[in-house]
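Chemist: Just so you know, we're using my numbering here: the sequence shown kicks off at 1 and counts up by one. Virtual Cβ for every residue (Gly too), placed ideally from N, Cα, C. This structure is in structure tokens; I'll ask about it shortly.
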Amino acid sequence: AQTRRSKMIDEIDSRAPVAATVADSADQLTTIYDSDTYGLNAMRETLPSHCYKKIREVISTGQALDPAIADMVANGMKEWAIKKGATHYTHWFQPLNGLAAEKHDAFISIFPGDDRLLLEFSGMQLIKGEPDASSFPSGGLRSTWEARGYTVWDPTSPPFIKREVNGSILCIPTAFCSWTGEALDQKTPLLRSMDYVSDAALAVLSSIFGEKHKKVFPTLGIEQVCESSVKDKQTNIHFYLSRPDLINCGRTLVGAKPPKGQEMEDHYFGSMNARIVACIQEVEWRCWKLGMPLKTRHNEVAPGQYEVAPIFERANVASDHNMLLMDILKSVAIKHDLICLLHEKPFAGVNGSGKHNNYSLATDGGVNLLDPGLTPSQNARFILFLSAIIRAVDLHADLLRASVANPGNEHRLGANEAPPAIISIYLGQELDKVVRDIISSNKTTLTSPPQKSVNTTASTTSTTANNEVNNMWLGVDQFPPLPRDSTDRNRTSPFAFTGNKFEFRAVGSSQVTSFPCIILNTIVAESLIYIRKEIEAAIAAGTPASASYNQVIKKVLQTHERIIFNGDGYGQEWRDIAAKRGLLNLRSTPEALSLLNSDKNIKLFEQSNNILSPVELASRQHILYEFYSKSIAIEAKSMYDLVATSVLPACYKHQRNVAESLNSIMPFIQSQPNFKQPTAQINNLGELIESINLLSEQNIKLNNAIKHATSIESDCDRATHLNQSVIPIMNEVRRYSDHLETIVEDSLWPLPKYSEILFLR
Ligand code: ADP
Ligand code: MG
């Protein structure tokens, strides 16, 4: 008779790609792109021109919306959405549970005394919502009886149509805060931090370089990695569904290493499986309709692992889009009889999944401030922004580490497959040389004659310091031409310069990207302000402008050069060097989170226009601890159950079979004096009995450790106990279970094996 597992394998083998509506020619892309968002194109078509001009201004510069035009925009939006088939609208927001939230309202209203239904959507309904939001985590920001939370429209992120099987919903990206104005979401502080870094960068551009811009935006391009696991709908025998660990935790808790894993490296950039391509094509199609510029797709290193990447966008839009992308990936996968796992480490022994956040700053006119320049002045600008980032990362490595601390990422950071838990910066050889040259140069005053800088916009600023700076010759001719294309790559660095942007590579694949971005914006802004003030102070003290610039940049680079590391981040050698340099190596999540709320960080956020007020910061730490503890507790309980109810019973059956088999031959052997004792078989049985016993023992120990965790009051202590006591026992349980998997009769093993999950599509 066929076993459950062998039936599944047959089913999977017989499947074909699922057809879906996708582009049949590239021409079509231009027509459907953005067709389901209420962006500038749709606005131009549906709004009176004076209203369109105003909203366009709001979007391009992020200034406040004039309530007078809100009604008009709402009406245009409603008409458009109804044409697209929407019956409902929702404020779409990102509470602190790591997911997107929505609550649908129909476009209907009835005037008192009138019995006719009206389709209505007012400016007020667009701008502000009041969901009953008492069940979202607030980290102690409010008690449940203070249920009131407000959602507030973010006009800079376009509303979009979400299509369900039976009708569509107009989704309006919003921020979410309490009635006292505290941020209950990721978006509010993200928008605050974007404004803050914009102001800091504008001040540098104007004061030091005499450049006038309206706004600077952080830009974000997020490479998203995910893994697929097969699921079969037709027969109700689900691969996925027969792994309770995948269902409960999104990752496998047991599973022996298969004979073939990723060692052949034959998956990376390989030709893609037909069913996977069909699925990703549909994902892309849906994303394009929503104006999400998905560009790249490829197989990643681990079997069953794939990457998609969009073209970068402004940080808030990119974060919203990444949130949507994760949703779309999961739901489209199911349609294709696949499960999309966004966990950082679904399978042991093969690479985990990350999310590379490519980060830069750009002016409203589109100038990338991390683009090495063509002219001395552009070079000077580039070096200043680069220095600010180097300083920021060195001073606040703890925050960057905390921003990627989640239970899944704990398996990646520090393992030899992902950037280490030590935060450092990779510059590449050429740029590293430029930085070393600045550090070692003795020039603090310049001999070269003043030359006109290449500013195009005449400055009208009134302070004397500014006038002086505007005319300065920055004297950066000592720099060799800067590398415009980084040729070398370093996969082992958590924070790598890649030509004209930084790539923060330690972010986990399931993470909401806002938090790491909030941290980056805040710390970069703080450094930009510091550097500008230092230069201004030197000038005020009588140092020539160019010398002031050189002196400050040199000092900053000298002070923070320890954070730069261009070598192999995976090796023990780096850990030793990093320790000598005094860099942090926070391997566990609880350790990383413990520093989030330090005095230094409370002060930093408070001084940065309260991007996160002290209570908001504390609430985030609380939520992150809780999320960690809950996740590990769920994993531990799932493991206990899985071993007690599936793994051990299978082992007992096998044990009985082996024992019975030996028993059955014993009389025969005893009756034949010439026969040797079957010692190997007896030893095997002995080993089996011992392994099963050890597994049982560890599983009981695990259960006791879980019980103890529930009795611990403090967030931090509970997380630490789970990390230091429970996880090591889980590792032991896994070790015995995985060993038994390799000796128990294959047909008795109840769970799909790695060789099946990883390779069958
Ligand atoms: P790689 O895998 O070689 O790092 P990819 O093409 O997969 O490169 O991803 C690079 C990402 O960086 C893309 O999302 C791209 O849009 C983004 N990117 C490029 N320039 C910038 C920039 N100035 N700011 C932010 N992201 C950027
Ligand atoms: Mg990539």
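At a cut-off of 7 Å, would you count T513 as near the ligand ADP, judging by its Cβ distance to the nearest heavy atom?
Modeler: no
Chemist: Using a Cβ distance threshold of 8 Å, determine whether the segment 192-208 contacts the segment 602-613, with at least three qualifying pairs required.
Modeler: Under the Cβ criterion (8 Å, minimum of three pairs), the segment 192-208 counts as touching the segment 602-613.
Chemist: Classify T679 as buried or exposed, calling it buried when 16 or more other Cβ atoms lie within 10 Å of its own Cβ.
Modeler: With fewer than 16 other Cβ atoms within 10 Å, it is exposed.
Chemist: Using the Cα positions of K7 and D245, report the straight-line distance between them to the nearest angstrom.
Modeler: About 21 Å.
Chemist: Can you grab the Cα-Cα spacing for the pair Q672 / L695, in whole Å?
Modeler: 37 Å
Chemist: Let me make sure I understand the geometry here. Which of I577, E223 and E756 has the alpha-carbon closest to that of I563?
Modeler: I577
Chemist: Mind checking which residues open and close the beta strand (DSSP E) that includes F502?
Modeler: F502 to F504
Chemist: What does the Cβ neighbour count give for T252, buried or exposed, with the cut at 16 atoms within 10 Å?
Modeler: buried
Chemist: Cα separation between V204 and A541?
Modeler: One C-alpha to the other measures close to 19 Å.
Chemist: Quick check: the Cα distance between G475 and T589, rounded to an integer number of angstroms?
Modeler: Annotation note: pLDDT 47 at G475 (below 50); position unreliable, coordinate value reported separately. Computed Cα separation, rounded: 46 Å.
Chemist: Please decide whether L190 counts as near chain B, where near means a Cβ-Cβ distance under 8 Å.
Modeler: Of the chains in the structure shown, none is chain B; there is only one protein chain.
Chemist: With a threshold of 7 Å, establish whether the CB of G221 neighbours any heavy atom of the ligand GTP.
Modeler: With respect to the ligand GTP, the structure shown offers nothing to examine, as its ligands consist of the ligand ADP and the ligand MG.
Chemist: Give the secondary structure of K162 by DSSP, where H, G and I count as helix, E and B as strand, and everything else as coil.
Modeler: strand
Chemist: Is the segment 29-45 touching the segment 284-291, taking contact as three or more C-beta pairs under 8 Å?
Modeler: yes
Chemist: If you scan the segment 192-279 from start to end, which runs of the beta strand (DSSP E) of 3 or more residues do you find wholly inside it?
Modeler: Counting only runs of 3 or more residues that sit fully inside the segment 192-279, the beta strand (DSSP E) segments are 216-230, in chain order.
Chemist: For the ligand ADP, is there a heavy atom less than 7 Å away from the beta-carbon of T498?
Modeler: yes
Chemist: May I ask you to report which of helix, strand or coil DSSP gives A20?
Modeler: In the structure shown, A20 sits in coil (DSSP, three-state: anything other than H, G, I, E or B).
Chemist: Does the segment 75-93 touch the segment 156-169, meaning 3 or more C-beta pairs lie closer than 8 Å?
Modeler: Three or more Cβ pairs closer than 8 Å define a contact, and the segment 156-169 meets that threshold against the segment 75-93.
Chemist: Taking all protein chains shown into account, do 16 or more other C-beta atoms lie within 10 angstroms of the C-beta of L374, making it buried, or fewer, making it exposed?
Modeler: exposed
Chemist: Could you check what DSSP says for L557 in three-state terms: helix, strand or coil?
Modeler: helix
Chemist: Might you give, ordered along the chain, the residues of its own chain that have their beta carbon closer than 6 Å to the beta carbon of S109, omitting 5 neighbours on each side?
Modeler: L118 and E120
Chemist: If distances are taken between C-alpha atoms only, which option among L170, V22, F504 and Y150 comes closest to I82?
Modeler: L170
Chemist: Please report the distance separating the alpha-carbon of Y549 from that of N409.
Modeler: 40 Å
Chemist: Is DSSP giving N368 helix, strand or coil here?
Modeler: Per DSSP, reduced to three states, the secondary structure at N368 is strand.
Chemist: Helix, strand or coil for P667, going by three-state DSSP, please let me know.
Modeler: helix
Chemist: Quick check on DSSP: helix, strand or coil for S527?
Modeler: helix
Chemist: CB-CB under 7 Å to I602, same chain, minus the five flanking residues each way: which ones, in chain order?
Modeler: Excluding sequence neighbours, I602 sits near P614 and L617.
Chemist: Closer than 8 Å by C-beta to A773: which residues in its own chain qualify, once you throw out the five before and the five after it? Chain order, please.
Modeler: The question about residue 773 has no answer, for the chain in this structure spans 1 to 761.
Chemist: In the structure shown, what three-state DSSP assignment does F312 receive?
Modeler: coil
Chemist: Should M77 and P48 be called a contact, given that it needs their Cβ atoms to be closer than 8 Å?
Modeler: no
Chemist: Tell me, which residues are paired with W92 by DSSP?
Modeler: Bridge partners of W92: P173.
Chemist: Which residue marks the beginning of the alpha helix (DSSP H) containing F385, and which one marks its end?
Modeler: P376 to L395
Chemist: Applying the criterion that 16 or more other CB atoms from any shown protein chain within 10 Å of the CB defines a buried residue, is P112 buried or exposed?
Modeler: exposed
Chemist: With DSSP as the reference, label L341 as helix, strand or coil.
Modeler: strand
Chemist: Once the 5 residues before and after I438 are set aside, which same chain residues still bring their CB inside 6 Å of it?
Modeler: K554 and L557
Chemist: Hey, would you say V332 sits closer than 8 Å to R286, going by beta carbons?
Modeler: yes
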